[in-house]
Amino acid sequence: MGMAITYSVYMRKDEDTTLNAATMCLANNSISIIAGLTVMMAVFAVVDDPLSAVGGGSSAITFLVLPEVFSRPQEVLPSNF
């Protein structure tokens, strides 16, 4: 929503609103998918047993694995790029 409001400030009156809205939705969803894939790749790069960390639908990724990912960027960044 904030992205749409910010973008609308810079629009001209003769621009195609429908095309701009579709482009904005596609860009937002694409970036969200890429960010999610990056987090999962980082988890698999750091954790010894990724199925136990991801499985079960627990909050282990948020509270146990991601702090470990952020504490060791030298191991995680090369696996994502």
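Residue numbering for the sequence shown follows our numbering, beginning at 1 and increasing consecutively.
Here a beta-carbon is modelled for each residue, glycine too, at the ideal position from N, C-alpha and C.
Note that the structure is predicted; figures quoted are calculated from it, not measured.
By the Cβ test, the segment 24 to 43 is in contact with the segment 3 to 16, since at least three Cβ pairs between them sit closer than 8 Å. Secondary structure note for phenylalanine 70: its alpha helix (DSSP H) is the uninterrupted segment 66 to 71.
DSSP places phenylalanine 44 in the uninterrupted alpha helix (DSSP H) bounded by 17 to 46. Excluding sequence positions up to five before and after phenylalanine 44, its CB lies within less than 6 Å of the CB of Pro50, all in the same chain and listed in chain order. Under the DSSP assignment, tyrosine 10 falls outside any alpha helix (DSSP H); it carries neither an H nor an E label.
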